[in-house]
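All remarks here apply to the structure that follows.
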Amino acid sequence: MSLDTLFSPESVAVVGASRTEGKFGHTILANLMEGGFQGSIIPINPAVDELLGLPCFPSLTEYGKELDLVVLALPFSQVKAVIEECVKVKVKAVIVTASGFRESGPEGAAREQELTELCHRRDIRMLGPNCLGCINTEIKMNASFAGEMPATGGISVFSQSGALTSVMLDLAADRHLGLAKLINIGNKADITGVDILSYLANDEQTKVIVGYLEDITTGENFVKAAEEASSKKPVIILKSGTTEAGLKAAASHTGFLASADTAYGAVFKRSGVIRADTFEALFDFACILSMQPLPNGDNILIITNAGGPGILAADAVEQAGMKVADLDRHTEALLNVQLPQPVSAASPIDVLGDADPDRYAAAIKVAQEDPAVDSILVILTPQAMSQPAETAKAIAASIDGTKPVVATFMGGSKLLPARNELAAAGLPDYETPERAVAALKGMREYATWKQRPPRTVTRFKVNRRRVERILARRQRTGRLQLGEVKGKDVLGAYGFQVPEGALASSDEEALEIAERIGFPVAMKIVSPDIIHKSDLGGVFLNVANGEAVEDTYDLMTLKIRKKVPNVRIEGVYVERMVAKGLEVIIGMTRDPQFGPMLMFGLGGIFVEVMKDVTFHLAPITEQEAIQMLKSTRSYAMLQGRRGRDGVDIAAIASGLQRISQLTTDFPQILELDINPFIVGNFGAEPVVADARMTLAPLPEEK
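Each residue of the sequence shown is one higher than the one before, counting from 0 in numbering that gives the first Met the number 0.
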């Protein structure tokens, strides 16, 4: 059902309305009246006949008319009876403020489930329980105990935490940000963050969505809703808390490196959500995205009246992966004419400590015309001759609205009048250059996501039937760890290049295999009890002749049996040696909420020590796969540096896409590692040197 009756009701009843100031029932009723709501307001309290000048009714039934929205300001013990009464009078939406439900333990969870089922059966939408309500400034409805009605604007805020909802309301006022809607979803027994995202995505009043979430329980639905919302307007989310479920799979590098919060990062990246790492950043991003146009590129021009802050800003730009804009010669010539010497017309533009408002305005007007400038950061440090408030007015008057402009007025209380001028003009102001640059980066990342081409997921021609048979057999027998032999069998069916090889159960058989495939060969122990073969001396490379093959077989099996008593050895895998190349790791770990997460990283120290890896949600497009590679610190090694040739980046991207297809085709694959994946120069097909997989057990029959 639609949420229109929650956000735009024509009538609101407050059950538990009270004459006692400080009680929820009094605050909610007063907020509705003082906020200016023009619909019908009906207080319900059997003990009084009138409240705050309104006629009061003993019950919803006594009121006798249909209602759009009912706010329950009651203890949890009375909520169910009132919901049953709501059913009788055909209420369309309810807000349950009471605590004592799921957050209080098993008994509370049972009460909440009963309440939810009752609302679902009767098509009543429920906000909460354990929430403080909602606000819609468009119709001046404050159906909450959050605080006073905020100024009208284009930012809608939703939060899982009631306390943080109140903080958000206060911060919005402090930063002069107008709100469209404010919602505390509380326990989200019925109306969830997904529902709110979907509603706000299509709400004309909402221009920017800001959210605080502690958990996401419907992963696939959240991704769809977030992606739809982000395609229409910026969505900024602060996610706290992590899930332990994502840490349970640690048999492979991929599972080990996937932190508890990795899935959320991958989901936000995929769906275009701007992730705020701190509460401060949440409103830093909200300010810039609600006030300024999106940038067309990464080039940031810095205008400053002091060298030190300009250097701090330049450092922050470079550390953020963006660029300090290089002005073209025409722009520099104009600045040299219009600004007094010895002003620096280079970037950053230093207008000097005695800069007056006109000097700032002149620099901004000229810089806006330079096609090499995508964003402008204006810094002011208050000096004896500075005129902060007048400078703020001049900056605002000089902006043409074609490029984002942000300010950093560095200082304390003396700058308050200037900050007010900036806020009134719709100019974001940040106390430090680093925060300003971080906001610009978040805005640029969203702009890049918006400009992405349509998502087209490639489907490769594969032998799916072969994989079905292998996995089904393993699940039936309970052998859920697929080592190198069967892992390569599966990957080969999905188009991966696998070296020729076979399993030997004796030294004579190993020799026969080696002579058939040609020397040199690699020899690897095969055992269901051994995951990391090389750690136990279970891998020998470049075995050059027949005598060495036989000796290696005997020596390897002997040493392994001594190191691991009672080990089950199935044999030794003998395969053709792989040509040299760059070793990378590609893999997948399956998140219980969001499904397969693909991983990429370079081998060796890059993954073991630096943990330079990146994750992305499957299914993945070719462009997204390439972007995964580019997002690592070691990407330069793939391109080739200092005389080294680059590798075939498209081939790695193809490997990630094939894993994506495999793991979306077969949800029983919980974890997969190709380590190493040997990649050569352009045109050389990558080779799977080693692989392993983990399967889910078959579900128990009921």
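Note that CB positions come from ideal geometry on N, CA and C, so glycine has one too.
- Message: At 4 residues or longer, what runs of the alpha helix (DSSP H) sit wholly inside the stretch 262-309?
- Response: 278-290
- Leaving out five residues before and five after GLY441 in sequence, what residues of the same chain have Cβ atoms less than 7 Å from its Cβ? ILE273 and PHE284
- Boundaries (first-last residue) of the alpha helix (DSSP H) holding ASN220: 218-229
- Task: Note down, in chain order, each residue of its chain lying with its Cβ closer than 7 Å to the Cβ of ALA695, except the 5 sequence neighbours on either side.
- Result: GLN667 and LEU669
- Query: Count the other CB atoms within 10 Å of the CB of ALA396; is the residue buried (16 or more) or exposed (fewer)?
  - Reply: exposed
- Message: On the DSSP letters alone, give me the boundaries of the beta strand (DSSP E) that PRO595 sits inside.
- Response: 594-601
- Since LYS392 is in the beta strand (DSSP E), which residue starts that stretch and which ends it? Unbroken run through LYS392 is the alpha helix (DSSP H), 387-397; no beta strand (DSSP E).
- Does DSSP put ASN30 in a helix, in a strand, or in coil? helix
- Task: Have a look at SER10 and SER165 and give me their C-alpha separation to the nearest angstrom.
- Result: 25 Å
- Pull up the CB-CB distance for ILE27 and VAL70, whole angstroms please, since I reckon it's below 8 Å. 6 Å
- Query: Which residue from GLY38, GLN37 and LEU53 puts its Cα closest to that of ASN44?
  - Reply: LEU53
- Query: Under the three-state reduction of DSSP, which class applies to GLY537: helix, strand or coil?
  - Reply: coil
- Secondary structure of LYS487, DSSP reduced to three states: helix
- Message: Per the DSSP calculation, ARG124 is bridged to which residue(s)?
- Response: ALA92
- CB LEU379 to CB PRO370, shorter than 8 Å? no
- Beta-carbon proximity check, LEU178 vs PRO149, cutoff 8 Å: yes
- Spatial neighbours of VAL466 within its chain, please: CB distance less than 6 Å, with the 5 preceding and 5 following residues excluded, ordered by chain position. VAL489 and ALA492
- Task: Could you name the residues that DSSP lists as bridge partners for ASN183?
- Result: SER158
- Buried or exposed for GLN112, please, with buried defined as at least 16 other CB atoms from any protein chain shown within 10 angstroms of its CB. exposed
- Item | Identity of the residue in PHE518, LYS485 and GLU546 nearest ARG468 by Cα | LYS485
- Determine, using beta carbons only, whether LYS223 and HIS615 come nearer to each other than 8 Å. no
- Task: Would you give the residue range spanned by the beta strand (DSSP E) that GLY500 belongs to?
- Result: 500-503
- Message: If you follow the alpha helix (DSSP H) that SER702 is in, where does it begin and where does it stop?
- Response: Any answer about residue 702 is impossible in this case: the structure gives the chain only from 0 up to 701.
- Item | Whole-angstrom distance between THR693 and PHE665, CA atom to CA atom | 12 Å
- Item | Which listed residue (SER17, GLY320, LEU50 and ASP357) has its alpha carbon closest to that of LEU73 | SER17
- Task: Determine, using beta-carbon pairs with one atom in the stretch 510-520 and one in the stretch 569-589, whether at least three such pairs fall under 8 Å.
- Result: yes
- Message: Which of the three DSSP states is assigned to ILE199 in this structure?
- Response: In the sequence under discussion, the amino acid at residue 199 is Leu, which differs from the Ile named in the question. It is helical.
- What three-state label does DSSP hand ARG632 in the structure shown? coil
- Taking the alpha-carbon positions, what's the LEU31 to MET409 distance? 40 Å
- Identify, in the order they occur along the chain, each residue of the same chain with its Cβ nearer than 8 Å to the Cβ of VAL525, setting aside the five sequence neighbours on each side. GLY482, GLU483, VAL484, LEU502, ILE568, GLU569, GLY570, VAL571 and TYR572
- Query: Can you give the Cα-Cα distance for ARG174 and SER659, rounded to whole angstroms?
  - Reply: 44 Å
- Item | Euclidean distance between Cα positions of PRO416 and TYR429 | 14 Å
- Query: If you draw a straight line from the C-alpha of VAL456 to the C-alpha of VAL687, how long is it?
  - Reply: 23 Å
- Message: On the CB-based measure, 16 or more other CB atoms within 10 Å of its CB, does GLU623 come out buried or exposed?
- Response: buried
- Are there 16 or more other CB atoms within 10 angstroms of the CB of SER251, so buried, or fewer, so exposed? Caution applies to SER251, whose pLDDT of 47 falls short of 50 and renders its modelled position unreliable; the model cannot decide the point.
- Query: Got a sec? Which residues, its chain only, sit under 7 Å from ASN135 by beta carbon, not counting five neighbours each side?
  - Reply: PHE6, SER7 and LYS180
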